[in-house]
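According to numbering that gives the first Met the number 0, the sequence shown is numbered sequentially starting from 0.
A virtual CB, placed ideally from N, CA and C, is assigned to each residue, including glycine.
The model shown is predicted, which means the values in this text are computed figures rather than measured ones.
Take a look at the structure below.
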Amino acid sequence: MLDYSFSEEQQMYRQQVRRFAREEVLPRRQEWDRNRTYPWELVQRFVALGLADPSMDHVTRGIMVEEVAYADFNTAFPVLRASLPYALDQFPGVPDNIRQPLIDGLSQGTKLTGLCFTEPEAGSDMANFRTFATREQETWLINGSKNSISWCNSDAYVVTCKTSHDKSVWSLTNILIPADSPGVSPPHVWDDVGTRGTPRGMVNFDNVRVPLNHAVGAEGRGYELVADLFDTNRSFIGLWCIGPAQASVDEACEHAKQRHSLGKTISQYQGVSFALAEAQTLLEAARLLCYKTLWMADNGQRHSVEGAMCKWWVPDITFDIVHRCLLIHGHYGYTRDLPFEQRMRDIMGWQIGDGTAEVSKLIIARNMMGKDFTG
Ligand SMILES: Cc1cc2nc3c(=O)[nH]c(=O)nc-3n(C[C@H](O)[C@H](O)[C@H](O)COP(=O)(O)OP(=O)(O)OC[C@H]3O[C@@H](n4cnc5c(N)ncnc54)[C@H](O)[C@@H]3O)c2cc1C
0 MLDYSFSEEQ
10 QMYRQQVRRF
20 AREEVLPRRQ
30 EWDRNRTYPW
40 ELVQRFVALG
50 LADPSMDHVT
60 RGIMVEEVAY
70 ADFNTAFPVL
80 RASLPYALDQ
90 FPGVPDNIRQ
100 PLIDGLSQGT
110 KLTGLCFTEP
120 EAGSDMANFR
130 TFATREQETW
140 LINGSKNSIS
150 WCNSDAYVVT
160 CKTSHDKSVW
170 SLTNILIPAD
180 SPGVSPPHVW
190 DDVGTRGTPR
200 GMVNFDNVRV
210 PLNHAVGAEG
220 RGYELVADLF
230 DTNRSFIGLW
240 CIGPAQASVD
250 EACEHAKQRH
260 SLGKTISQYQ
270 GVSFALAEAQ
280 TLLEAARLLC
290 YKTLWMADNG
300 QRHSVEGAMC
310 KWWVPDITFD
320 IVHRCLLIHG
330 HYGYTRDLPF
340 EQRMRDIMGW
350 QIGDGTAEVS
360 KLIIARNMMG
370 KDFTG
């Protein structure tokens, strides 16, 4: 029997997060976009109120992301990180004296780690990564560059390195590198269009040495950990985009009820009201897909295909929905005083980050057509 309801606890949690996000986060939305920062103290208070409890299930974590992103896209990322959703953020295999201070810092909102997969020469094509870690006695010797790292100003990096000359993704191992290790360059930060509260940039690793026990997970199994992270993270990204799109639809409905044209409110014209009805329908379908995927993750079911569906589809439709809502606001919508342009810039980043639409469709098509698919 299907049950589409959230539990009573989840509904109460949604109300709590909504209150915090709309009262404290929303009024400061522009500040973080314009100054390229976000308020550590606000994230730490969110944590102190117990709202980012690492023991929460993924569906509840999805509620957190959706509600915070409704108020501000930039704040949704650090609260997601503070709630430790990723296996990689537990640094499996790394000794406790190294991993525990990082886990504590992440979950208290005082530390950040950058997850470094993408390289200057290869993003989607992980088998062709070049960053290499060579075993030398008791250490890994690491050389290479990682690009497009969110939180490139982190305290530590988890770096996906080749550890053998095998040409497949089974040559990859994730290695934890403290940012203050000799040979780690200061980050080069890109002047991004959106998600400007999260510095994204390039870091070089030049003869960096860390102990062998800094390998996160098993040697040669780095791709699995990254792929697992992506599967679940892609539904968080969906909800992260749904938040600002829903806010845009709500605002456009209010505007349509107030604005008059040719003797009527514009809400009375089907050209406006049907566009909003269509947007709300798409958002409802997208929400169901994302929460279903998180429910599958909570229940230990494989969800690579569903994660890929969230990833290609939801950023695309939410970008279009926000654009439509901007147009419904007429020339006012085109100003930076209203939030629509920022929301479009923010969502656009996640049409690319964590795998492009094309790469997501490859995952779905491969699942549909098996070995007959050669893309
Ligand atoms: C906001 C943001 C945050 C990010 N955060 C991180 C992070 O924290 N850590 C990290 O490691 N990376 C991060 N990235 C990088 C991101 O994951 C990569 O940009 C992405 O995987 C695509 O890689 P690429 O940019 O090298 O594009 P490429 O792989 O060069 O692709 C270029 C174009 O070709 C298309 N393409 C490639 N291969 C195929 C194919 N086989 N079939 C059809 N089309 C194809 C792609 O869809 C794309 O349109 C982030 C990116 C953004 C925008």
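Tell me, which residues are paired with residue i by DSSP?
i, result
"GLY143", "PHE204"
"PRO378", "Residue 378 lies beyond the residue range present for the chain, which begins at 0 and ends at 374; the question has no answer from this structure."
"ARG199", "SER149"
"TYR156", "GLY113, ILE176"
"PHE131", "ASN142, LYS161"
"SER184", "SER184 is not bridged to any residue."
"THR317", "THR317 is not bridged to any residue."
"SER260", "LYS263"
"VAL215", "ASN173"
Using only the heavy atoms of ligand 1, determine whether one of them is closer than 7 Å to the beta carbon of residue i.
i, result
"ASP88", "no"
"CYS115", "yes"
"ASP353", "yes"
"GLU283", "no"
"LEU288", "no"
"GLU357", "yes"
"GLY237", "no"
"THR194", "yes"
"ASP124", "yes"
"GLY348", "yes"
"LEU361", "yes"
"ILE174", "no"
"ILE141", "no"
"ILE148", "yes"
Can you tell me whether residue i is buried or exposed, with buried defined as 16 or more other CB within 10 angstroms of its CB?
i, result
"GLY143", "buried"
"GLN10", "exposed"
"TYR290", "buried"
"GLU8", "exposed"
"GLN257", "exposed"
"ALA155", "buried"
"GLU22", "exposed"
"GLY49", "exposed"
State the CB to CB distance for the pair residue i and residue j, rounded to an integer number of angstroms; the pair is presumed to be in contact (CB under 8 Å).
i, j, result
"HIS57", "PRO91", "Not really, about 18 Å apart at Cβ, beyond 8 Å."
"GLY306", "ARG233", "4 Å"
"ARG202", "SER180", "This sequence places Val at residue 202; Arg is not what is there. Not a contact, Cβ separation roughly 11 Å."
"ALA251", "CYS160", "Actually they are not in contact, since the Cβ atoms of ALA251 and CYS160 sit about 47 Å apart, beyond 8 Å."
"TRP239", "VAL46", "At roughly 18 Å, the Cβ-Cβ gap does not stay under 8 Å, so TRP239 and VAL46 are not in contact."
Any beta-carbon of chain C closer than 8 Å to the one on residue i?
i, result
"SER82", "The structure shown contains no chain C; it is built from a single protein chain."
Given 7 Å as the limit, tell me if residue i has its C-beta closer than that to any heavy atom belonging to ligand 2.
i, result
"ARG199", "Absence of ligand 2 is noted for the structure shown, with ligand 1 being the only ligands found."
Assess, as a yes-or-no matter, whether the region 63–82 is touched by the region 28–38 under the definition of 3 or more beta carbon pairs within less than 8 Å.
Touching, yes, given that three or more Cβ pairs across the two stretches are closer than 8 Å.
I want to know whether the region 194–201 touches the region 135–150 - three or more CB-CB distances under 8 Å.
The region 194–201 is in contact with the region 135–150.
Given 8 Å, three or more beta-carbon pairs between the region 270–282 and the region 240–248:
Judged by Cβ distances under 8 Å, the region 270–282 makes contact with the region 240–248, as three or more pairs qualify.
For the region 300–319 against the region 340–358, are there 3 or more C-beta pairs whose distance is under 8 Å?
Contact between the region 300–319 and the region 340–358 is present: 3 or more CB-CB pairs across the two stretches fall below 8 Å.
Sufficient close CB pairs (3 or more, under 8 Å) joining the region 121–131 to the region 92–111
As far as the Cβ criterion goes, the region 121–131 does not touch the region 92–111, which means the pair count is below three.
Are the region 164–176 and the region 215–231 in contact at 8 Å, needing three or more beta carbon pairs?
Touching, yes.
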